[in-house]
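Everything on this sheet refers to the single structure shown next.
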Amino acid sequence: MVCLGNICRSPLAEGILKSKVDPNKVYVDSAGTGGYHIGNPPDPRSIKVASKYGIDISDQICRKIRPEDLDDFDIIYAMDKSNYNNILRLSNSTHHGNKVKLLLNEIDGTEKEVPDPYYDSINGFENVFDLINEACSAIAKKLE
Ligand code: 4NP
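0 is the number of the first residue of the sequence shown in numbering that gives the first Met the number 0; add one for each residue after it.
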């Protein structure tokens with residue numbers, strides 16, 4: 000799960016997908032394409048919205064995506080097109096490129112984006128939670 004800062008959207012996506020899959024079968028992680036918040040916990044607003052739905056993301060630690068992630072992971076979900084393009088720039092390989100997907104494509108196959116809530120109110124985080132939750136339900140169902 001990849002966004003820009005790895006403090007708002009992708010930590011939520013990591014926590015939500017983890018809550019829907021068997022941890023012995025599916026390894027879920029998140030990262031950011033930017034390095035502004037490396038080592039920090041998720042944004043307090045993401046922690047708050049997740050906890051409202053019984054998901055604890057407070058122990059996650061921000062990291063930046065590495066080119067090796069394209070080898071290590073089978074699927075890489077980008078929250079928006081800008082991050083999608085930045086992930087693709089990490090490798091020239093078609094094999095790697097084929098692993099990168101827009102998260103909300105999992106809902107209905109359209110090119111929708113998870114909006115960046117960083118400068119938004121808590122309502123923006125609620126909206127982001129709902130969008131990611133719907134996509135993660137579709138992913139979990141597919142993985143089953
Ligand atoms: P995220 O949100 O990509 O969902 O983690 C952001 C967090 C921080 C910044 C931008 C977006 N920032 O510019 O610091």
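Cβ coordinates follow ideal geometry from the N, Cα and C atoms, glycine included. Just so you know, these numbers come straight off a predicted model, no measurement behind them.
Presumed contact (8 Å Cβ cut-off) between residue i and residue j, rounded CB distance
i       : j      : result
Val-99  : Ile-75 : 5 Å
Val-113 : Met-78 : 4 Å
Ile-54  : Ile-6  : About 16 Å; that fails the 8 Å criterion.
Asn-85  : Thr-32 : 4 Å
Asn-82  : Val-1  : 6 Å
Phe-128 : Tyr-52 : 7 Å
Beta-ladder partner(s) of residue i, from DSSP
i      : result
Val-99 : Ile-75
Val-1  : Ala-30 and Ala-77
Lys-63 : Gly-31
Under 9 Å between C-beta atoms of residue i and residue j
i       : j       : result
Asp-42  : Tyr-117 : yes
Leu-3   : Ile-131 : no
Glu-13  : Val-27  : yes
Ser-45  : Ile-56  : yes
Ala-162 : Glu-105 : Since the first residue of the chain shown is 0 and the last is 143, residue 162 is not available in this structure.
Leu-89  : Ile-121 : no
Leu-102 : Lys-80  : no
Arg-8   : Asp-107 : no
Asn-39  : Cys-61  : yes
Cβ neighbour criterion (16 or more within 10 Å) applied to residue i
i       : result
Thr-93  : exposed
Lys-141 : exposed
Asp-68  : buried
Ser-29  : buried
Lys-17  : buried
Give the residues whose C-beta lies closer than 7 Å to at least one heavy atom of the ligand 4NP, in chain order.
Cys-2, Leu-3, Gly-4, Asn-5, Ile-6, Cys-7, Arg-8, Ser-9, Gly-31, Gly-33, Tyr-35, His-36, Asp-42, Met-78, Asp-115, Pro-116 and Tyr-117
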